[in-house]
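Every number in our numbering is 188 more than the matching position in the sequence shown, counting from 1.
The beta-carbon is built from N, C-alpha and C at its ideal position, and this holds for glycine as well.
Since the structure comes first, as structure tokens, the remarks are kept for the end.
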Amino acid sequence: MLFQDVVTENEFEKKLLSDVIPPSDVGVSFDDIGALENVKDTLKELVMLPLQRPELFDKGQLTKPTKGILLFGPPGTGKTMLAKAVATEAGANFINISMSSITSKWFGEGEKYVKAVFSLASKIAPSVIFVDEVDSMLGRRENPGEHEAMRKMKNEFMVNWDGLRTKDRERVLVLAATNRPFDLDEAVIRRLPRRLMVNLPDATNRSKILSVILSKEEIAPDVDLEAIANMTDGYSGSDLKNLCVTAAHLPIREILEKEKKEKTAAEAENRPTPPLYSCTDIRSLTMADFKAAHEQVCASVSTDSSNMNELQQWNELYGEGGSRKKTSLSYFIITYGLQMLHGVQDENKSLKKSLKDVVTENEFEKKLLSDVIPPSDIGVSFDDIGALENVKDTLKELVMLPLQRPELFDKGQLTKPTKGILLFGPPGTGKTMLAKAVATEAGANFINISMSSITSKWFGEGEKYVKAVFSLASKIAPSVIFVDEVDSMLGRRENPGEHEAMRKMKNEFMVNWDGLRTKDRERVLVLAATNRPFDLDEAVIRRLPRRLMVNLPDATNRSKILSVILSKEEIAPDVDLEAIANMTDGYSGSDLKNLCVTAAHLPIREILEKEKKEKTAAEAENRPTPPLYSCTDIRPLTMADFKAAHEQVCASVSTDSSNMNELQQWNELYGEGGSRKKTSLSYFM
189 MLFQDVVTEN EFEKKLLSDV IPPSDVGVSF DDIGALENVK DTLKELVMLP
239 LQRPELFDKG QLTKPTKGIL LFGPPGTGKT MLAKAVATEA GANFINISMS
289 SITSKWFGEG EKYVKAVFSL ASKIAPSVIF VDEVDSMLGR RENPGEHEAM
339 RKMKNEFMVN WDGLRTKDRE RVLVLAATNR PFDLDEAVIR RLPRRLMVNL
389 PDATNRSKIL SVILSKEEIA PDVDLEAIAN MTDGYSGSDL KNLCVTAAHL
439 PIREILEKEK KEKTAAEAEN RPTPPLYSCT DIRSLTMADF KAAHEQVCAS
489 VSTDSSNMNE LQQWNELYGE GGSRKKTSLS YFIITYGLQM LHGVQDENKS
539 LKKSLKDVVT ENEFEKKLLS DVIPPSDIGV SFDDIGALEN VKDTLKELVM
589 LPLQRPELFD KGQLTKPTKG ILLFGPPGTG KTMLAKAVAT EAGANFINIS
639 MSSITSKWFG EGEKYVKAVF SLASKIAPSV IFVDEVDSML GRRENPGEHE
689 AMRKMKNEFM VNWDGLRTKD RERVLVLAAT NRPFDLDEAV IRRLPRRLMV
739 NLPDATNRSK ILSVILSKEE IAPDVDLEAI ANMTDGYSGS DLKNLCVTAA
789 HLPIREILEK EKKEKTAAEA ENRPTPPLYS CTDIRPLTMA DFKAAHEQVC
839 ASVSTDSSNM NELQQWNELY GEGGSRKKTS LSYFM
């Protein structure tokens, strides 16, 4: 794609476009990485194969492209190099994101830059958004010393990464790298379903790395790569490169010493200075050079350091193929969303108002109107969510029934439509998907509000955008104003480090939400979602009278979720959904989805192996290469596939973590059906 042909919508996209690197300019391929075969194979399967052989991934819904991959491990093991190779091999445009590229001194511009990253990535797809040292940008949000602007940028990143407008088949990958995965926010980890540890190489892989590093060097016959590999125990790929660079300088140092001696001798004998040597005069590298370099270059990572131990433990708990024993790392809360399948149940088309006929009063309404999503475009119904029956029933009663049977709600004043509903629970348990289903089933226009859509660097404009949200929602009613990660926008106002403009926007939001001009019978609903309800302002909680906890599913609901996930897949008769549900205790809906996706890749892997063997046999017998298989040749999923996937995919929720305990306590105090005993949570409100 020629970048000059890309139409940018604003100054933020335009600025970011200049930093995009086309795949031809990245200059690193998998062949340049001399080890990490398992990691490379996994990346090829997840990223390159769907682009190169799309026909193998058209069967069912489980094999759509992954949206997030985390590379973690000690420093210098090749994480950044792998990311570059992924972009090159996939032919994807590379967007390297760092704090400097998305921060601004102007209030609210950081969120706009974050939104622009994803909108631009979609335009230039296939694309890779690479976040190096991701822990510095998307670390835990409970850090008390964190700047308010940083917290808002994190929430904006997550909303755009896996939010309302995210398309399942969009070829945008977030590839993150860190050597401190245990510092990541829980909601970030759940958006990175594939987590690959890039570990220190063993002797065999050190030998492979050395052969790649030295492939273009002139080495003497006495150089024994296996011997060097054996004497460099604990060295990372970067350490081995440093060793080779140090060794390569020794012959240069020798030739400089030789030049110096010859020059001194010539001056003493009053002879002309001899000509300088060139690179062709430098001798080959010898084993002695590597031994001398080994005296200078040590391993930069201590294998028994606390950081290395934490990495190993984190990999055991959350990495690919870990044992999943929740021991010392039980404080992590990582839950995945119920991102089920798509399907539209558009029963209320008569309620839908044509958006192009809406008369906007000002520039603020006009800008927001372009972000409104009509119900027919959302594509999620309650039938696509295979559990959460109590929550769905409550939402139907509160939102859909007053629209479908208004005559039942005309008696008295107490049955007027509710103005606020809060969905809270661990990260990714289906809150956003429920919000989408509410809008679809109610036939309501959907306004997805985030900080980027209502902030401005100009004084007073933020409040005007907030007012426009509600005035526009009224014009296009029935409408749902959805605020994801609501704790970021409407958190406690007593925060001493909060910006004055943010405080004013909160007040404006509450005045328009439930103030003097608010009409009781107006069909505008504010639907909010968060995994940190205890950070909300008291006045906000008051305006959200219905507070529903979206919790982890039990065995019965896990079975229902599995049946929805697998409804469009071809499965063998031996697949027992109840048995899978029983062996996945503690799994969230998204954990189950991840399990099924992993299982669905196994038959594809088999068919690729079969193709490879047949091709090798044909070449050996000098026969024509047999035709490639298609998705119709892929066998159904079997129980063995799910058992194999279960070895790789863990339950990402630690039920005894501090954050989970706080959620349970908050639900007891403020949620639907709680005991309301103000004990350990008395400091709230």
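- Counting other Cβ atoms within 10 Å of its Cβ, Trp502 reaches 16 or more and is therefore classed as buried.
- A straight-line Cα-Cα distance of about 31 angstroms links Lys607 and Ser307.
- Thr548 carries a coil assignment under DSSP once its states are collapsed to helix, strand and coil.
- Within a 10 Å sphere around the beta-carbon of Thr420 sit 16 or more other beta-carbons, which makes this residue buried.
- The alpha carbon of Ile440 has as its nearest neighbour, out of Thr461, Leu473, Asn855, Ile416, the alpha carbon of Leu473.
- In the three-state scheme derived from DSSP, where H, G and I count as helix and E and B as strand, Val362 is classed as strand.
- Around Ser395, the same chain offers Leu413, Glu414, Ala417 as residues with beta carbons nearer than 7 angstroms, after the five sequence neighbours per side are excluded.
- For Gly650, the enclosing alpha helix (DSSP H) stretches over residues 649-663.
- Listed in chain order, the non-local C-beta contacts of Ile290 below 8 angstroms within the same chain comprise Gly298, Tyr301, Val302, Val305, Met341, local neighbours out to five positions each way being set aside.
- Remark: C-beta atoms of Val579 and Ala632 do not approach each other more closely than 7 angstroms.
- Taking Asn284 as the centre and dropping the five residues before and after it, the same chain places the C-beta of Asp207, Ile209, Phe318, Asp320 closer than 8 angstroms to its C-beta, in chain order.
- Around Gln484, the same chain offers Thr434 as residues with beta carbons nearer than 6 angstroms, after the five sequence neighbours per side are excluded.
- Rounded to the nearest whole angstrom, the CA to CA distance from Val362 to Leu464 is 51 angstroms.
- Nearest in C-alpha terms to Asn348, of all of Thr620, Ala391, Glu758, Glu794, is Thr620.
- Residue pairing by DSSP places Val671 opposite Ile637, Ala716 in a beta bridge.
- For Asn281, the three-state secondary structure derived from DSSP is strand.
- Straight-line measurement puts the Cα of His482 at about 13 angstroms from the Cα of Gly422.
- Taking the Cβ atoms as the reference, Lys429 lies roughly 6 angstroms from Ile401, within the contact range of under 8 angstroms.
- Beta-carbon to beta-carbon, Pro605 and Arg711 are separated by about 6 angstroms, close enough to satisfy the 8 angstroms threshold.
- For Leu464, the three-state secondary structure derived from DSSP is coil.
- Here Val546 really is in contact with Lys663; their C-beta atoms are around 5 angstroms apart, less than 8 angstroms.
- One thing to note: Pro615 has its Cβ no nearer than 7 angstroms to the Cβ of Ala364.
- Around the beta carbon of Met287, a 10 Å sphere encloses fewer than 16 other beta carbons of the protein chains shown; the residue is thus reported as exposed.
- Nearest C-alpha to Gln852 among Cys819, His789, Asn739, Thr826: Asn739.
- In the three-state reduction of the DSSP assignment, Val411 falls in the coil class, being assigned neither a helical nor a strand state.
- Straight-line measurement puts the Cα of Ser399 at about 24 angstroms from the Cα of Glu442.
- The region 648-657 makes contact with the region 547-556: 3 or more CB pairs, one atom from each, lie closer than 8 angstroms.
- A contact is defined here as three or more CB-CB pairs under 8 angstroms, and the region 739-758 meets this definition with respect to the region 776-784.
- For Phe200, the enclosing alpha helix (DSSP H) stretches over residues 199-205.
- Listed in chain order, the alpha helix (DSSP H) elements of length 4 or more contained wholly in the region 719-769 are 726-730, 743-753.
- Around the beta carbon of Trp294, a 10 Å sphere encloses fewer than 16 other beta carbons of the protein chains shown; the residue is thus reported as exposed.
- In the DSSP annotation of this structure, the continuous segment of the alpha helix (DSSP H) that includes Ile440 starts and ends at 425-456.
- The alpha-carbon of Met827 is positioned some 40 angstroms away from that of Met325.
- Counted as a single uninterrupted DSSP element, the beta strand (DSSP E) harbouring Ser315 occupies residues 315-319.
- Gly608 is bridged by DSSP to Val714.
- For Leu473, no alpha helix (DSSP H) run applies, since DSSP gives it neither H nor E.
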